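Chains as they are written, first to last, in the working numbering: chain A, 261 to 417; chain B, 2 to 248. Using N, Cα and C, we set each Cβ at its ideal position, and we do this for glycine too. Computed from a predicted model, the values in this text were never measured in an experiment. Report on the structure given below.
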């Protein structure tokens with residue numbers, strides 16, 4: 261006579277199968293979140309690059325009036341004193357940003373360009389975040405990105 | 002028995018859902034990779050151009066209505082090895098026209114198409130972004146006279162002849178077009194490629210580029226794909242960036 265499975269064996273196998281499926285679902289869910297974050301990171305990198313270059317170009321063209329002098333003569337240090345803030349809508353997603361600009365100095369604390377008033381180098385930083393103001397969200401980790409560029413006053417006269 | 006059947010049904014649903022999720026993730030990665038590659042190459046070429054020697058046009062419709070996308074072309078000083086070449090007076094040696102345009106491949110029958118914003122097609126997500134290097138007029142080489150052989154920017158009328166459709170992914174026939182020295186498909190499965198010159202009058206010399214691709218596998222397999230507007234669809238990855246040419 262052939263022996264079948266006992267109720268206990270069936271229950272254990274069903275439980276194991278359920279566990280495996282739930283684990284798979286959990287992994288998929290994590291992968292989906294990571295993918296969403298990757299897409300937003302890509303978009304945010306475009307926003308960072310675009311808004312930083314637009315802000316610098318506007319300042320170098322003195323728009324609005326007085327912004328060129330303000331850019332070269334003042335320091336806007338992270339995080340308390342942003343030079344510009346704003347937001348950018350890309351598709352359905354909204355990205356906020358803050359831009360900072362500080363003089364680049366050598367190890368002795370002197371501005372690069374030997375302290376000349378018309379040959380400064382500025383480091384411009386931009387921080388872009390989405391969803392929340394503190395740049396992170398449970399389950400997604402960091403929800404912000406950043407970029408920087410150097411601007412040489414001598415090249416922009 | 003009832004418990005077993007229920008568990009099997011739940012298992013089947015979970016597995017089906019998982020397969021859908023993984024397919025969506027894979028499609029999303031493909032979309033992001035295509036966009037990243039297009040961004041890198043377009044930015045690299047446009048940065049080396051002169052803003053005043055650059056133009057844009059709408060690619061003629063391949064489908065029912067609405068241009069396939071934007072064409073953008075400019076003069077380039079990059080030589081055959083990619084290095085920038087200079088004339089004896091120190092100015093850039095403009096020697097090639099570089100052209101980017103989005104087009105629906107020939108023989109593609111699954112899209113009906115339709116006009117979206119700016120009279121561009123926003124329904125077919127299977128377009129390809131093509132890059133062509135064109136040496137029009139007298140052939141130019143690093144050994145030739147950089148002043149006499151300096152290239153001129155192709156006119157809007159002249160560029161139309163180069164906005165041709167590949168046969169599927171095969172671009173070999175395009176090498177037979179006058180002056181074409183290089184041709185490649187930069188990215189495929191794109192929905193949208195639009196470039197604007199100085200969209201904001203307060204920001205001079207800005208070239209704004211908008212690239213979109215469908216990232217959702219479920220969306221890609223819908224029967225209405227190719228005939229439903231996708232411009233602002235939630236399953237589309239949108240990538241906006243700006244280039245400020247250095248010359």
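Terminal residues of the beta strand (DSSP E) in which residue 348 of chain A lies: Residues 344–350.
Cβ-based contacts, 7 Å cut-off: residues of the region 122–142 of chain B near chain A: From the region 122–142 of chain B, no residue has a Cβ closer than 7 Å to chain A.
Three-way DSSP call (helix, strand, coil) for residue 340 of chain A in this model: The answer is coil: DSSP assigns residue 340 of chain A none of H, G, I, E or B.
Cα-Cα separation, residue 153 of chain B to residue 201 of chain B: When rounded, the distance between both Cα atoms is 27 Å.
Cβ-based burial, residue 43 of chain B [other Cβ within 10 Å; buried from 16]: Using a 10 angstroms sphere on the CB of residue 43 of chain B, the tally of other CB atoms reaches 16 or more, which defines it as buried.
Residues near residue 29 of chain B by beta carbon distance below 6 Å, same chain, minus five either side: Once the five neighbours on either side are set aside, the close Cβ partners of residue 29 of chain B are 216.
Contact with chain B by residue 306 of chain A, beta-carbon distance below 8 Å: Interface annotation, residue 306 of chain A: in contact with chain B, CB-CB separation under 8 Å.
Neighbourhood of residue 87 of chain B by C-beta distance below 7 Å, restricted to the same chain and skipping five residues each side: For residue 87 of chain B, where only same-chain residues beyond five positions count, the Cβ hits under 7 Å are 93 and 94.
Contiguous alpha helix (DSSP H) assignments of at least 4 residues, all confined to the region 169–235 of chain B: Counting only runs of 4 or more, we get 218–221.
Assigned secondary structure, residue 296 of chain A (DSSP; H/G/I helix, E/B strand, else coil): Three-state DSSP puts residue 296 of chain A in a helix.
Beta-carbon neighbours of residue 237 of chain B, restricted to chain A and to distances below 8 Å: Result: 351.
Coarse secondary structure for residue 5 of chain B, derived from DSSP in three states: If DSSP states are grouped into helix, strand and coil, residue 5 of chain B belongs with the helices.
Proximity test, Cβ basis, 8 Å: residue 473 of chain A and chain B: Absent from the structure is residue 473 of chain A, since the part of chain A shown begins at 261 and ends at 417.
At least 3 beta-carbon pairs within less than 8 Å: the region 340–351 of chain A vs the region 299–308 of chain A: Output reads yes: the region 299–308 of chain A touches the region 340–351 of chain A.
Proximity winner among B/19, B/112, B/133 and B/97, relative to residue 141 of chain B (alpha-carbon distances): Checked all of B/19, B/112, B/133 and B/97; the closest Cα to residue 141 of chain B is B/97.
Chain A contact for residue 193 of chain B (CB, 8 Å cutoff): Closer than 8 Å: no.
Beta carbon of residue 52 of chain B nearer than 8 Å to that of residue 317 of chain A: Against a cut-off of 8 Å, the Cβ pair of residue 317 of chain A and residue 52 of chain B comes out as no contact.
Cutoff 8 Å: residue 279 of chain A Cβ touching any chain B Cβ: Among the residues facing chain B, residue 279 of chain A is not included, as its CB has no counterpart in that chain under 8 Å away.
Contact set between residue 303 of chain A and chain B, taken where Cβ atoms lie within less than 9 Å: What residue 303 of chain A touches in chain B: 238, 239, 240 and 241.
Neighbouring residues, chain A, relative to residue 8 of chain B (Cβ below 8 Å): In chain order: 274, 277 and 278.
Residue 336 of chain A beta carbon near the ligand HEM (any heavy atom closer than 7 Å): As far as ligands go, the structure on display features none, and thus does not contain the ligand HEM.
For residue 25 of chain B, the nearest candidate out of B/240, B/236, B/243 and B/168 (CA to CA): Comparing alpha carbon positions, the residue from B/240, B/236, B/243 and B/168 closest to residue 25 of chain B is B/236.
Local Cβ density within 10 Å of residue 334 of chain A, reported as buried at 16 or more and exposed below that: Answer is exposed; the Cβ neighbour count stays below 16.
Within chain A, the residues that residue 203 of chain B reaches when beta carbons sit closer than 7 Å: Result: 318 and 323.
Local Cβ density within 10 Å of residue 40 of chain B, reported as buried at 16 or more and exposed below that: Residue 40 of chain B should be labelled buried.
Beta-carbon separation (whole angstroms), residue 404 of chain A vs residue 387 of chain A, contact threshold 8 Å: Right, the Cβ-Cβ distance comes to about 6 Å (below 8 Å), so this counts as a contact.
Residues near residue 63 of chain B by beta carbon distance below 7 Å, same chain, minus five either side: Correct list, in chain order: 69, 104, 105 and 166.
Segment limits, alpha helix (DSSP H) that includes residue 159 of chain B: Segment 157–160, the alpha helix (DSSP H) holding residue 159 of chain B.
Whole-Å CB distance - residue 244 of chain A paired with residue 315 of chain A, under 8 Å assumed: Here chain A has residues from 261 to 417 only, and residue 244 of chain A is not among them.
Proximity of residue 337 of chain A and residue 360 of chain A at Cβ, strictly below 8 Å: A contact, by the Cβ cut-off of 8 Å.
Per-residue DSSP class, three states only, for residue 37 of chain B: In the three-state reduction of the DSSP assignment, residue 37 of chain B falls in the helix class, which pools H, G and I.
Backbone CA spacing between residue 399 of chain A and residue 183 of chain B [nearest angstrom]: Roughly 46 Å between the two C-alpha positions.
Contacts around residue 73 of chain B, its chain only, beta-carbon distance under 6 Å, and the 5 residues preceding and following it disregarded: So the qualifying residues of the chain are 57, 101 and 196.
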